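Counting in my numbering, the sequence shown tops out at residue 692, every number present.
Glycine included, each C-beta is placed from N, C-alpha and C at the ideal position.
Remember, predicted model here, so these are calculated numbers, not experimental data.
The structure appears below as structure tokens.
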Amino acid sequence: MATKYLNIFLKEAEEHIGSLQNRLLVLEKEPGNTVLIHELLRNAHTLKGSARMLGFEDISVIAHRMEDFLKEMEDGLRQVDSAGVDLLLQGTDAISRMTDALAKGAPSPVDLEKFIQAFESGGSTAEAITAQEPAETETQIDTVRTSVRTLDSLVNLLGELIINKKRFEDKTADLKELCRAAEAGAPVARLKEFHRALEEDVLYLGFIIQQLHAEAMTLRMLPLKTITEGYVRMVRDLSKSQGKEVNFEIVGDHIEVDRVLLESLKPMFLHMLTNAVDHGIELPEERVARGKPAAGTIRLTARHEGNSVVVEIRDDGAGMDPERIKQTALRRGVIDREEAEMLRDDEALYLTLRQGFSTSEIVTDISGRGVGMDVVKMNIEKVKGNLTLKSEVGVYTEVQLQLPLTLAVIDALIVTCADQQYAIPLSYVQETIKIRAEDISTVAGKEVVTVRNSTVPLISLAGLLGLREQKAQISGGKVSAVILKQRDQTVACIIDRNNGTSEIVVKGLGGQLKRVRHTFGATILGDGNPALILDVPDIFTTAEGVSTLGMRKSIHESQLHVSRGRVLVVDDSITTRTMEKSILKAHGYDVTVAISAEDALEKVAVSSFDLVISDVEMPGLNGFQLTARLRTMEEYREVPIIIVSSLSKDEHKRQAIEAGAQAYIVKGAFEQGTLLDTVESLIG
């Protein structure tokens, strides 16, 4: 048989098997739904015909028997009940196992004669099916379906990129001519025109890339129901086997997430739902005795929150008892007596995630929370998400997962540490702060800071990453720190500089760097330089044994020699800028010089200044234009600006004020004392 026909059949069979399974579960709840019975009948009939066409007689025979069974239900000759649905589900499972074997080229695992005999008698068909070894390897969704519209859009956008590439090639030729003209001493009046045209091309390129990225991402996205549909059957079978009544509700299964992320969600959902049924939901008689409905409810809810997907699995079962969890953890050696006494009830819930806690013995002790939760923790960290536990004894338990929409592109905070740039996934960043010496205290021999009324451990990121010994950058008697949060834990990491947030493309490190600690990938930043992406869960694991000692002392010492402020001097005259720099440095100011307004804008983009001193008449942008441009930047709206110029007319002073300058000094009347007094009055 041609492989293409087999593949077509397998794909068709997969759809019909999925449809049979899902519709049968609905039929069990809606036994009077004749329309649904007819749809099931059509699924079985089509499956029978397709299998017979290709000579798969065993599959055809079982599908035929299911078709007869459903026809009897439709005609009212057979009752639509749980037992009948069970039997039809067993037939669906058998066909699924047979198609799996076909795909692998393996013999059928179903003894047809035994199966039909058991099916006809209404008994269990389990003995007719060879036991299957559970697969340990992760399956990957390696194909996607998309609309023709999406493909057309992608092709059109690629065409626009080709056009844009040609425009850049033309600009390269124009720039070459401009360079030749400049070398020959010719005026370069066309430079501004060239710059304006180039800016337009760059903006347009950015728009195309944004559109192309959005369209490409839709190819990676799949609805959550891709994996949740299978759990409806699992919850039903598990609850029935334990004599429990469970209503399983799914809300928001249309929410789309990265297909790679879906694979990581599978084991998490499996363990959480198994726990909810097996150990959370009580037996009907227990529930009734507690004043609850006999049937328990498990609800899986998914929703968007910003750039994340939040998934909640909540049951109205026995809940988690913090005191019993602590006692179990003590007995197993997970924590000591001192730690147990310090733990709040909400913190105690997270003990169930610790290694060595999840055993069957512990599950009994804590009413069932623990099995598989270490697997959930491992997988949530793998996809750089967050997990939150909530519970009330006898009322409910809720596990909340906060996940990125995609693993391909994430929002990140870019920081500098020991002259290296790093990206931190924004989902773990609580805030960034400046720390003074008086903000630091010592607890149990470790330095801590107080953030929003909470005591947070203070660590050196450079020290934790094992970078060369280097003192943290202290500016104005303060150090920068980023507050990282994971579940109920927070830590303050000292960094050199916060470079702002950015959307980054995640790249793998490759097999050779697979075991590198504290990182899970890399990215290329806007300036073309690479940056490692930090693995925050790994940082929290290591942070317990790392601390800062002496940071408070270092800040105190730095204040004895602290610069009076950072000043940017902008002047195209080497004489003027050298003189101004010398005057200011001699009086304790940290001075950076720029030779033009454009040079100044580049410097303010990467560094922060407390004051700017600028000339007016310079090539390119003048001082008034530079001042106006700085005032449009959030971080420079309030920074004092002094204009120092040989222009002395009132209209020039008015222009300076209108542009946003705080002071105007005329070079002709320039004195060292005048400049210093003005600077001091503005920044002390």
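- Taking C-beta atoms as the reference points, L220 and L165 count as a pair closer than 7 Å.
- Note on V210: under 16 other CB atoms within 10 angstroms of its CB, so exposed under the neighbour-count rule.
- DSSP places L540 within a strand segment (E or B) once states are collapsed to three.
- When the Cα atoms are used, S316 and Q410 turn out to be separated by approximately 6 Å.
- Here I482 is buried. Its C-beta has 16 or more other C-beta atoms within 10 Å.
- Distance between L684 and D178, taken at the CA atoms: about 50 Å.
- If the five residues before and after H72 are omitted, its C-beta is found closer than 7 Å to the C-beta atoms of K56, all from its own chain and listed in chain order.
- Cβ-Cβ separation between S161 and E223: approximately 5 Å, consistent with a contact (criterion under 8 Å).
- Sequence-distant partners of I171 (beyond 5 residues in either direction) whose C-beta falls short of 7 Å from its own C-beta are missing from its chain.
- For V318 and I263, the gap between their C-alpha atoms comes out near 10 Å.
- For Y430, DSSP records a beta bridge to V423 and L540.
- The continuous beta strand (DSSP E) containing L395 extends over residues N394 to E400.
- A Cβ-Cβ separation of about 6 Å places V487 in contact with I563 under the 8 Å criterion.
- L270 and T234 have their alpha carbons spaced roughly 8 Å apart.
- Taking R352 as reference, the option from A337, E331, T336 and Q363 with the minimal CA-CA separation is E331.
- K486: member of the beta strand (DSSP E) spanning K486 to Q494, first to last residue.
- DSSP places N387 in the helix class (H, G or I) of the three-state scheme.
- Counting only unbroken stretches of 4 or more residues, the alpha helix (DSSP H) elements lying wholly within the region 243 to 286 are 267 to 283, in sequence order.
- Cβ-Cβ distances below 8 Å link T600 to R574, V575, L576, V577, K611, S615 and F617 in the same chain, with the five nearest sequence neighbours on each side left out; the list follows chain order.
- Here D329 is buried. Its C-beta has 16 or more other C-beta atoms within 10 Å.
- DSSP, read as helix, strand or coil, puts I321 in strand.
- Here E223 carries a helix assignment [DSSP, helix/strand/coil].
- A residue is called buried once 16 or more other Cβ atoms fall within 10 Å of its Cβ, and K200, having fewer, is exposed.
- The DSSP assignment places 598 to 602 and 619 to 622 as complete runs of the beta strand (DSSP E) inside the region 584 to 637, in order along the chain (cut-off: 3 residues).
- Annotation for S449: V456 place their beta carbon closer than 7 Å to its own, counting only its chain and skipping 5 residues before and after.
- Listed as beta-bridge partners of K174 by DSSP are no residues whatsoever.
- Taking each of P117, G304, S27 and S622 in turn and checking the Cα distance to D66, the smallest one comes out for P117.
- Residue environment for M74: buried (at least 16 other C-beta atoms within 10 angstroms of its C-beta).
- Ranked by Cα distance from R460, the first of Y436, D580, A426 and A500 is A500.
- Excluding its 5 nearest sequence neighbours in each direction, T405 has C-beta neighbours in its own chain below 6 Å: G288, D323, G327, M328 and S399, listed in chain order.
- In the DSSP assignment, E82 falls within the unbroken alpha helix (DSSP H) covering E65 to E82.
- With a 10 Å radius around the Cβ and a threshold of 16 neighbouring Cβ atoms, F215 comes out exposed.
- Between the region 648 to 666 and the region 626 to 640 there are three or more C-beta pairs closer than 8 Å, enough to call the two in contact.
- Look at P301 here: in three-state DSSP terms it is coil, with no helix or strand label.
- Excluding the 5 residues flanking it on each side, I25 has same chain C-beta neighbours closer than 8 Å at L55, T100, I103, S104 and T107, in chain order.
- A direct Cα-Cα distance of roughly 41 Å separates L395 from A114.
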